[in-house]
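Numbering-wise (the numbering used here), the sequence shown opens with residue 437 and increments by one.
This report refers to the structure that appears directly beneath it.
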Amino acid sequence: MDGSLEEDYPEAAPYIREAVEEHGEEWVIENYFPDIVSLGVVMDIPQIDELPFFDETKHEAPTEQEQRERAEAYRQYRENLRNGTKPGDE
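Okay, structure coming up:
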């Protein structure tokens, strides 16, 4: 990975680099959502297709609509955990 990640995302770059060192670039691409995107709550993070090792011929980046749907599903999941309910429970 090049140094532009540190320049553009100084807070998130160490976490992304640590994940790459521990698990590898492919793991980071496959597990970017929700493992790394959750950092976006507290700091500015790059979109998956902005990662220096992202290759659009090999990898797939979710569309903005898919990201919204995933975020909504995750919100509902957290709400169910807080309430102790399952989907479909009234």
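Glycine included, every Cβ here is placed at the ideal spot set by N, Cα and C.
Within the model, the alpha-carbon separation for Phe490 versus Met479 is close to 21 Å. Its Cα nearest to that of Glu500, the residue Gln483 stands out among Gln483, Ile452, Leu487 and Glu442. The continuous alpha helix (DSSP H) containing Ala507 extends over residues Glu500 to Asn519. Leaving aside the five residues that flank Ile465 on each side, the residues in its chain whose CB is nearer than 6 Å to its CB run, in chain order, His495.
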